[in-house]
Amino acid sequence: MAKSAPPPGTSDIFPAESPRWRFIEKTASEVFSSYNFGELRTPVFEYTEVFHRGLGDETEVVKKEMYTFEDRGGRSLTLRPEGTAGVMRALLNTDVLNGVEQRVFYYGPMFRGERPAAGRRRQFHQIGAECAGRVSPELDAENIAMLMRLLEQLGIPDAELAVNTRGIAADRVGAANLLRDYFSSRISEMCDDCKERLSGNIWRILDCKQDACRKIIAEAPEYLECFTADSKAYFERVLKTLDALGVKYRRDPLLVRGLDYYVHTVFEVSHWGLGGQSAIAGGGRYELFLPGENRPVVGVGFASGVERILMAQDALKFVPPVDSQPLVYLIGLGDGAVTANLLLAAELRKAGLRVECEVESKSMKGQMRTANRLNASAVLITGDDELAGGSVQLRDMAGGEQRTIPRGEAAEECRKIFSQSK
RNA sequence: GUGGUUGUAGCUCAGUUGGUUAGAGCGCCUGGUUGUGGCCCAGGAGGUCGCCGGUUCAAGUCCGGUCUACCACCCCA
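When you line the first sequence up against the numbering used here, it's residues 57 to 478, in that order.
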């Protein structure tokens, strides 16, 4: 076990790994921006009410997974378990309720008090996008297309998209009754979880993983028939637009999402490289109620788990392009050398180079070993002679050549070495 | 929250039927003569054997608990 472990379900991301995260962040920002979405940064905690009203009191997440605490002013606050509610709360400050479209994306940590497992952390990270203010099946489809485009740009071209419709609240009443009648008749053959879901959230039965339950579910009646013509037409337009955009998808009537705010379109993207948690992203159209507003904010959006993106990239052996600059390492021998090197290093950095300067005047061999360990491309050596002559020894680490140059020309000489080695 | 597996140096792991100062490889540090890396050689630092308790003359080794990590479920990204 690690000597100094962070709390359960959290992790430290060291410099060796962080470039992968940065690549994902950067790529997402570029893709979203190409669809004219702008970044919105909201707090990592909100008034607890935002999530209670926004996600629904009966949501599993709200019932048993939130990190809720009281602050010094006696306010009840909650670490955000997902991004949409906070984003919509912020967008209330725009004229989103008047139907003016708001296109935003976000990136950051989310918190859920769950038992950690593969692809599941207590602090996890999501990239999400929301197109709020308008209701349109074409926007739903384009949002999905943007997600698939993002995954492709992240080196994951083989993710599978499943889509479904939840209709509107009125549609669901009839559909739920139909399902309840059916499952009631066969509940004795089903698992304990399903028995509980029958009286609780009937929809959850649809994605039960037990083999026995799956057979019964497969024979369930087509609840979509209970939806209004408008709702069915809405869904057909979403699918038609996806076809037109060349987005591959699978219709999945069994796809149910866990958050109560979804209406009409819902979707989930899965990948084979994720083990038990196959979902790499998910989302849909929503109507979200927030404290102090009796009208819901409408929109369509999705969120993707960064840890899960990393897992899929691992499975595909995808390595993000690295764009790190070559390193210049400064070696000093003798008393005045360190200070002189610090000064030279500062100048080289102004010239745009990546520089590290040894501050201890230890042996040449030791310093050279360090330069090698750090994988330096060029080493600049300063001793008494160089100091007196205003010069410096420049060593090309790859080739091994070394020569004396004026201190003032160090930056451009280093650049020459770098361009040659490319 | 439920269940399974796990825990020895920075990392990957050995550690025989419980028995003296707990090992290896990699990594790290210092040397292998005067200011020079990667290879090689020599030496060195670094471990409350996850933690607590129990059994025993004796526990890294056995037992119980606990914590963490991993995995599955619930649920979700």
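Note that beta-carbon positions come from the ideal geometry of N, C-alpha and C, so glycine has one too.
Excluding the five sequence neighbours on either side, which residues of its own chain have a C-beta within less than 6 Å of the C-beta of residue i, listed in chain order?
i, result
"Met57", "The predicted model places Met57 with a pLDDT of 49, which falls under 50 and marks its position as unreliable; any figure quoted below should be read in that light. Hits under 6 Å: none found."
"Ala401", "Leu386, Val411, Cys413"
"Pro218", "Before going on, a small fix: residue 218 reads as Ala here, not Pro. Within the same chain, Ala218 has close Cβ partners Arg306, Asp308, Leu311, Glu324."
"Gly390", "Gly439, Asp440"
"Gly142", "Thr98, Glu102, Arg136"
"Gly112", "Asp316"
"Phe70", "none"
Considering only DSSP beta bridges, list what residue i is partnered with.
i, result
"His181", "Pro165"
"Cys187", "Arg159, Val356"
"Phe101", "Leu135"
"Arg410", "Leu383"
"Pro462", "Ser447"
"Asn92", "Its beta-bridge partners do not exist; DSSP assigns none."
"Ile437", "Ile387, Gln449"
"Tyr290", "Answer is none; Tyr290 lacks a bridge partner."
Alpha carbons only, please: which of the options is nearest the one belonging to residue i?
i, options, result
"Arg131", "Leu111, Ala84, Val106", "Val106"
"Phe374", "Leu147, Ala434, Glu157, Gly211", "Gly211"
"Val353", "Ala393, Glu186, Arg425", "Glu186"
"Phe474", "Asp441, Glu442, Glu95, Ala434", "Ala434"
"Gly129", "Val117, Leu399, Asn199, Tyr103", "Tyr103"
"Ile272", "Met246, Lys418, Asn220, Leu280", "Met246"
"Gly357", "Thr140, Leu430, Glu81", "Thr140"
"Ala444", "Arg136, Gly408, Ala396", "Ala396"
"Pro99", "Ile437, Ala84, Glu138", "Glu138"
"Arg351", "Gly189, Lys120, Leu430, Val143", "Gly189"
"Phe291", "Asn149, Pro382, Gln158, Pro193", "Pro193"
"Arg168", "Met204, Gln158, Val156, Lys119", "Lys119"
"Tyr123", "Glu170, Leu153, Thr115", "Glu170"
Roughly how far, in whole angstroms, is the beta-carbon of residue i from the beta-carbon of residue j, given that I think they are within contact range, below 8 Å?
i, j, result
"Gly175", "Gln333", "4 Å"
"Arg145", "Leu330", "In fact, because the Cβ distance is near 31 Å, the residues do not count as touching under 8 Å."
"Arg222", "Val319", "6 Å"
Between which residues of its own chain and residue i is the CB-CB distance below 7 Å, once the five residues before and five after are set aside?
i, result
"Pro64", "Pro172, Arg178"
"Cys282", "Asp227, Gly230, Ala231, Leu234"
"Phe125", "Leu133"
"Lys62", "In the sequence under discussion, the amino acid at residue 62 is Pro, which differs from the Lys named in the question. Asp68."
"Arg109", "Phe345, Leu346, Pro347"
Tell me which same chain residues have a C-beta within less than 8 Å of the C-beta of residue i, skipping the five on either side of it?
i, result
"Arg76", "Leu366, Gln369, Pro376"
"Gln209", "Thr83, Glu86, Val87"
"Arg459", "Gln449, Leu450"
"Lys251", "Ile243"
"Gly155", "Gly189, Arg190"
Evaluate contact between the stretch 338 to 345 and the stretch 309 to 323, counting only Cβ atoms and requiring at least three cross-stretch pairs below 8 Å.
They touch, by the three-pair rule.
Meets three-Cβ-pair contact criterion under 8 Å: the stretch 457 to 465 and the stretch 367 to 384
With a cut-off of 8 Å, the stretch 367 to 384 and the stretch 457 to 465 do not count as touching, because too few Cβ pairs lie within range.
Are the stretch 285 to 300 and the stretch 182 to 200 in contact at 8 Å, needing three or more beta carbon pairs?
In short, these stretches touch, since the Cβ pair count reaches three.
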